[in-house]
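*Asks:* First the structure, then my questions, so here it is.
There are 2 protein chains.
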Amino acid sequence: MAEISLHRPYPASEVAAWDYTCDVAVIGFGATGASAAIEAADAGARVILFERNSGSGGASGLSGGEIYIGGGGGTDVQRAAGFSDSTEDFTAYLKAAGGPCVDEAKCEKYGREALDHFAWLKAQGVPYRGNYLPGKHIEPTDDSTLIWSGSEAAWPFCDVAKPAPRGHVIQHMGWGGGRPLVDILEASARASGVEVVADARAVALVADGARVVGAVVRIDNQNRFVRAAKGVVLATGGFAFNEAMRRKYCPETFKLSDPIGDKDDGAGIMLGLGAGGEAIHMEQFFTTCPWTMPESHANGVFVNAMGQRFINEDCYHGRVSRCAVDQPGGKVYLCLDNAHFIQPMDFARMTIAGTGDTWEEVEGELGMAAGTLSQTMAFYNEHARAGHDPLFHKRPPILTALDQGPFVALELNFETSYFSFFTLGGLHTSAQGEVLDRTGAPLPGLFAAGRCTSGLPAWGHGYSSGLSLADCTYFGRQAGRKAAAG
Amino acid sequence: MAEISLHRPYPASEVAAWDYTCDVAVIGFGATGASAAIEAADAGARVILFERNSGSGGASGLSGGEIYIGGGGGTDVQRAAGFSDSTEDFTAYLKAAGGPCVDEAKCEKYGREALDHFAWLKAQGVPYRGNYLPGKHIEPTDDSTLIWSGSEAAWPFCDVAKPAPRGHVIQHMGWGGGRPLVDILEASARASGVEVVADARAVALVADGARVVGAVVRIDNQNRFVRAAKGVVLATGGFAFNEAMRRKYCPETFKLSDPIGDKDDGAGIMLGLGAGGEAIHMEQFFTTCPWTMPESHANGVFVNAMGQRFINEDCYHGRVSRCAVDQPGGKVYLCLDNAHFIQPMDFARMTIAGTGDTWEEVEGELGMAAGTLSQTMAFYNEHARAGHDPLFHKRPPILTALDQGPFVALELNFETSYFSFFTLGGLHTSAQGEVLDRTGAPLPGLFAAGRCTSGLPAWGHGYSSGLSLADCTYFGRQAGRKAAAG
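If you're matching them up, the sequences are chains B and D in order.
For the first sequence, the numbering used here begins at 69 and goes up steadily by one.
For the second sequence, the numbering used here begins at 69 and goes up steadily by one.
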């Protein structure tokens with residue numbers, strides 16, 4: 069008997085009996101899997117969704133439930149708040165956010181269809197209050213809809229595309245909108261006739277020659293064989309919790325403390341690789357330290373261990389954090405004056421590393437040479453008072469002189485502060501959700517979306533909140549539809 | 069009939085007749101392939117070496133012929149020049165050079181055996197004059213042996229391992245010692261009974277079930293079938309000249325102008341992946357701009373487009389260049405004073421971007437805000453005069469104040485200056501040269517070494533001259549020996 073393995077498909081010829089039979093088997097019940105299942109079922113396919121946990125959720129269920137949407141003149145929410153948003157600008161921003169890792173076909177397709185996707189989300193029952201919440205937020209603390217969730221208004225992105233806020237958040241009081249988002253998608257999937265099998269971990273694909281025709285799932289310590297006549301959709305998330313994969317593919321994450329997700333173990337990536345797929349941009353990761361909380365801290369200035377600035381701090385908090393962990397010395401400092409400092413959140417594990425009545429005193433407390441941090445801050449303050457940042461083009465309103473002593477430098481230490489991270493690399497897929505082999509040809513019967521693929525959020529330095537759930541839900545749908553087409 | 073493809077092995081059952089029969093087939097005739105072939109033949113195997121060009125060379129033949137060697141108390145050359153070099157220090161440096169991508173087993177094995185490897189090279193006939201050439205050189209301009217070829221004496225490496233020069237260069241007048249190095253290895257291979265088949269491009273592996281048992285080579289437009297009873301060694305180099313692979317795996321290189329190598333097309337990596345191997349650290353690349361020529365320019369100070377320093381310039385020129393291309397703004401500047409400036413080499417395509425009688429004037433010519441570059445240089449000069457670099461720990465003797473006007477800033481533009489590059493990622497192999505699958509198990513019959521693998525030079529920011537040829541020759545030998553053992 070052939071071996072049951074993540075690393076190579078089990079031969080269909082050796083399956084004695086099929087325990088489940090469907091058209092489309094979806095593996096993983098986060099937002100990606102739910103969206104794929106809905107779309108496949110709505111296209112007429114008989115769909116079974118397998119989830120290793122006892123219920124839906126995945127990393128999506130732990131998220132903020134925010135989806136990056138724009139283009140086509142703007143969503144009703146954007147327009148009501150006075151923002152127009154052309155498809156050209158929206159697509160250009162998506163491409164800039166992908167940086168050197170961009171998948172242009174995915175950006176263009178989503179750029180054209182994001183408004184339709186928003187309508188689809190609403191049609192599934194996802195509620196949106198419809199209002200705009202100004203300011204700099206990681207997630208809304210109330211039930212607002214539209215926030216600035218990326219680096220749209222910050223240099224150099226603002227020179228690439230006309231800025232607009234595009235983070236659309238489910239109506240839900242406070243943080244954690246991902247849980248109700250998945251609940252609603254689950255209800256829609258069940259209403260569409262999707263069968264859900266929980267406590268079922270995928271341990272192998274099944275192939276008939278080169279074609280994927282099913283999967284093996286482990287239920288109650290037994291291998292169960294799933295026949296999927298039209299295809300299998302992988303929706304299993306990234307590999308932030310698989311240390312062996314991180315060591316091989318994404319070793320930079322070992323300087324960070326806090327993987328986030330639903331114990332994402334990279335199983336879907338391994339299944340896809342074993343079937344002949346390929347993984348791309350595996351070194352890419354998202355990270356953030358919640359340094360913009362309290363909100364007045366967004367006015368702070370970051371310096372590295374040499375006392376140099378390295379970023380315009382009006383960028384998305386995750387872009388700032390990702391650039392921070394590129395800095396030598398193992399830490400960076402967030403510099404604040406008395407007008408902006410409030411005790412930081414405990415969970416951020418940021419510490420007060422230096423204080424003083426002058427920046428020279430802070431510099432001394434940090435052990436920096438005289439004329440480093442103090443010169444950086446003097447230069448910054450002089451230009452901020454004139455409304456300019458000649459080095460990094462930070463913009464008002466958070467471009468404010470930090471000259472109301474006493475002063476403080478908060479240490480963000482990569483190893484000990486809360487730098488959450490998850491992985492962005494994964495299977496190479498078409499914009500239709502087909503898993504591609506190394507020649508770019510689709511693998512018959514195999515589809516994937518979400519963080520087990522490389523998608524819209526391809527580049528850690530360009531991440532914006534909502535890009536991953538946009539990718540999960542929209543390209544999850546494409547994968548489900550393509551699978552159902554057989 | 070099955071398809072002949074780089075991407076999947078051809079079934080041995082479909083081979084009508086074998087055109088060549090041997091124990092070990094080696095693909096590629098650079099230093100890696102030659103070393104593998106010698107070792108396999110010396111172990112008693114019948115070896116045929118296939119090369120797509122009309123003769124030996126590969127990227128090795130275009131190199132400086134410099135090999136990174138140390139440990140064990142030091143080579144005879146190191147000791148004669150007054151340097152001791154413990155295995156612990158040597159190994160620690162190798163590991164630091166591998167950074168987050170390090171393969172510790174390879175570092176430890178080579179760390180223990182580098183002196184034996186040096187003896188082996190000499191036994192093949194590689195001549196070494198045996199002298200030490202002080203200073204900062206890309207390659208010796210005469211026929212000297214030992215040079216500082218990495219960042220050993222520079223921070224932070226000098227704090228990790230006691231520094232010693234370890235670049236051992238073949239006795240050869242001037243640059244280009246790689247060509248005679250490969251010639252000598254070729255002569256040794258032929259003397260050991262290795263058969264060489266040139267103008268033969270590998271287009272597929274041949275497998276019997278999971279075991280690689282040969283290859284298909286294209287000769288005179290005909291497919292020829294090679295039976296290799298004990299194994300195939302891939303020694304085909306990196307993928308710097310394969311734009312599709314770079315786009316998928318190493319897209320950062322698209323900001324650089326000049327791939328170097330022997331049209332390295334990644335064929336061996338694709339063959340290994342197709343056989344079930346995996347590729348790791350594919351985003352890593354070496355790059356350098358020859359900014360230390362003329363040698364007085366090594367005393368220069370680098371700043372980014374914001375006028376900030378970013379590196380201790382006493383690091384290896386390639387490490388400095390690699391950190392340079394991380395800087396935003398598309399370019400960096402090398403700042404020199406009249407005491408150190410000489411017209412740069414034409415081939416470097418560095419341009420004079422600003423001059424002045426003061427650093428303030430240079431700053432203005434570069435379009436930088438007042439108080440940026442001028443402040444950086446004032447701070448640097450003040451501390452250099454006292455023998456310190458508080459920011460980046462650059463050390464004497466090249467830590468010199470740049471205060472003899474007039475002053476000049478040379479522009480190193482990533483796109484238009486000569487930033488040569490080659491790729492460092494490749495097949496995951498054991499320290500014995502076995503190609504490993506995704507579970508870490510060896511693929512029966514398949515071996516690889518050199519730049520189609522991820523080896524000693526695993527991390528672009530830690531590269532040192534001689535690391536790649538050390539990896540090619542030493543791990544080429546391991547692969548050849550292991551293949552011959554069957």
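Where a beta carbon is used, it is the ideal one built from N, C-alpha and C, also for glycine.
Unbroken beta strand (DSSP E) runs of length 3 or more, entirely within the region 131-179 of chain D: which are they?
*Replies:* Those beta strand (DSSP E) runs which fall completely within the region 131-179 of chain D and span 3+ residues are 134-136.
*Asks:* Is it true that the CB of glycine 513 of chain B sits closer than 8 Å to the CB of phenylalanine 543 of chain B?
*Replies:* Cβ atoms of phenylalanine 543 of chain B and glycine 513 of chain B: not closer than 8 Å.
*Asks:* Under the DSSP definition of a beta bridge, which residues are partnered with glycine 494 of chain D?
*Replies:* According to DSSP, glycine 494 of chain D bridges with D:Ile348.
*Asks:* Residue range of the alpha helix (DSSP H) that proline 362 of chain B falls in?
*Replies:* Unbroken run through proline 362 of chain B: none, as it is neither H nor E.
*Asks:* Strictly below 7 Å CB to CB, what residues from chain B border glycine 639 of chain D?
*Replies:* No answer is possible for residue 639 of chain D: the residues shown for chain D start at 69 and end at 554.
*Asks:* In chain order, what residues of the region 498-532 of chain D put their CB closer than 8 Å to some CB of chain A?
*Replies:* The structure shown contains no chain A; its protein chains are B and D.
*Asks:* Taking only beta carbons into account, state which residues of the region 159-171 of chain D come closer than 9 Å to chain B, listed in chain order.
*Replies:* From the region 159-171 of chain D, only Gly167, Pro168, Cys169, Val170 have a Cβ closer than 9 Å to chain B.
*Asks:* How many Å lie between alanine 173 of chain B and leucine 324 of chain D at the Cα?
*Replies:* Between alanine 173 of chain B and leucine 324 of chain D, the C-alpha separation is close to 24 Å.
*Asks:* Does the CB of histidine 75 of chain D have a neighbour CB from chain B at under 8 Å?
*Replies:* It does; some Cβ of chain B falls within 8 Å.
*Asks:* Rounded to a whole number of angstroms, what is the C-alpha to C-alpha distance between glycine 98 of chain D and phenylalanine 515 of chain B?
*Replies:* When rounded, the distance between both Cα atoms is 41 Å.
*Asks:* Name the chain D residues whose beta carbon is nearer than 8 Å to that of phenylalanine 322 of chain B?
*Replies:* Those within 8 Å of phenylalanine 322 of chain B in chain D are Pro168.
*Asks:* Start and end of the beta strand (DSSP E) containing cysteine 90 of chain B?
*Replies:* Run containing cysteine 90 of chain B: 88-95, per the beta strand (DSSP E) assignment.
*Asks:* Can you round the beta-carbon distance between phenylalanine 370 of chain D and leucine 402 of chain D to whole angstroms, since I take them to be within the 8 Å contact cut?
*Replies:* The Cβ separation is near 6 Å, so the contact holds.
*Asks:* Which residues does DSSP pair with glycine 422 of chain D in a beta bridge?
*Replies:* DSSP output for glycine 422 of chain D lists D:Ala477 as bridge partner(s).
*Asks:* For the alpha helix (DSSP H) containing proline 512 of chain D, list its first residue and its last residue.
*Replies:* Segment 510-516 is the beta strand (DSSP E) holding proline 512 of chain D; no alpha helix (DSSP H) there.
*Asks:* Which word fits glutamate 156 of chain D, buried or exposed, when buried means at least 16 other C-beta atoms lie within 10 angstroms of its C-beta?
*Replies:* Glutamate 156 of chain D should be labelled exposed.
*Asks:* Show which residues of chain B have a CB atom less than 7 Å away from the CB atom of glutamate 351 of chain D.
*Replies:* Result: Glu351.
*Asks:* Given that a residue counts as buried once 16 or more other Cβ atoms are within 10 Å of its Cβ, and exposed if not, what is glycine 336 of chain B?
*Replies:* It is buried - the Cβ of glycine 336 of chain B has at least 16 other Cβ atoms within 10 Å.
*Asks:* When DSSP labels each residue in this structure, what does alanine 109 of chain D get in the three-state scheme?
*Replies:* Of the three classes helix, strand and coil, the one that applies to alanine 109 of chain D here is helix, per DSSP.
*Asks:* Are the beta-carbon atoms of alanine 552 of chain B and alanine 259 of chain B separated by less than 8 Å?
*Replies:* No. Outside cutoff.
*Asks:* Around the C-beta of methionine 350 of chain B, are 16 or more other C-beta atoms found within 10 angstroms, so that it is buried, or is it exposed?
*Replies:* Methionine 350 of chain B is buried by the Cβ-count criterion.
*Asks:* Here's the rule I'm using: 16 or more other beta-carbon atoms within 10 Å means buried, otherwise exposed. How should leucine 497 of chain D be labelled?
*Replies:* Sequence check: residue 497 of chain D is threonine here, not leucine. Counting Cβ neighbours within 10 Å, threonine 497 of chain D comes out buried, since at least 16 surround it.
*Asks:* Looking only at C-alpha atoms, which of B:Phe490, B:Gly375, B:Ala452, B:Cys226 sits nearest to alanine 131 of chain B?
*Replies:* According to the sequence as given, residue 131 of chain B is serine; it is not alanine. It is B:Phe490 whose Cα lies nearest to the Cα of serine 131 of chain B.
*Asks:* According to DSSP, is threonine 444 of chain B helix, strand or coil?
*Replies:* Note: threonine 444 of chain B maps to helix in three-state DSSP.
*Asks:* Could you tell me the alpha carbon to alpha carbon distance between serine 103 of chain D and alanine 266 of chain D, rounded to whole angstroms?
*Replies:* Their backbone Cα atoms lie some 17 Å apart in a straight line.
*Asks:* How would you write the range of the alpha helix (DSSP H) that leucine 339 of chain B sits in, first residue to last?
*Replies:* 335-342 is the span of the alpha helix (DSSP H), which, as asked, contains leucine 339 of chain B.
*Asks:* Quick one: what's got a C-beta closer than 6 Å to alanine 164 of chain B's C-beta in the same chain, skipping five residues either side?
*Replies:* Cβ neighbours of alanine 164 of chain B beyond the five flanking positions: Phe225, Val228.
*Asks:* Within the continuous alpha helix (DSSP H) that includes lysine 462 of chain D, where are the two ends?
*Replies:* Where lysine 462 of chain D is concerned, there is no enclosing alpha helix (DSSP H), given that its DSSP letter is neither H nor E.
*Asks:* Among D:Tyr200, D:Thr355, D:Ile95, which residue has its Cα nearest to the Cα of serine 533 of chain D?
*Replies:* Cα-wise, what sits closest to serine 533 of chain D is D:Thr355.
*Asks:* Opposite isoleucine 116 of chain D in the DSSP bridges: which residues?
*Replies:* Bridge partners of isoleucine 116 of chain D: D:Ala93, D:Glu263.
*Asks:* So the alpha helix (DSSP H) glutamate 433 of chain D belongs to, where does it begin and stop?
*Replies:* Run containing glutamate 433 of chain D: 427-433, per the alpha helix (DSSP H) assignment.
*Asks:* From the DSSP output, in three-state form, read off proline 327 of chain B for me.
*Replies:* Of the three classes helix, strand and coil, the one that applies to proline 327 of chain B here is strand, per DSSP.
*Asks:* I want to verify the contact list: residues of chain D whose CB lies under 8 Å from the CB of isoleucine 348 of chain B, in sequence order.
*Replies:* Per Cβ cutoff of 8 Å: Lys316, Tyr317.
*Asks:* In the structure shown, what three-state DSSP assignment does arginine 377 of chain B receive?
*Replies:* If DSSP states are grouped into helix, strand and coil, arginine 377 of chain B belongs with coil.
*Asks:* By Cβ distance, which residues of its chain are closer than 7 Å to arginine 269 of chain B, with the 5 residues on each side in sequence left out?
*Replies:* So the list reads Arg120, Val285, Arg286, once near-sequence residues are dropped.
*Asks:* Taking C-alpha atoms, which residue in B:Ser81, B:Glu450, B:Ala182, B:Pro79 lies nearest to aspartate 539 of chain B?
*Replies:* Looking at the Cα atoms, B:Ala182 is the closest of the given residues.
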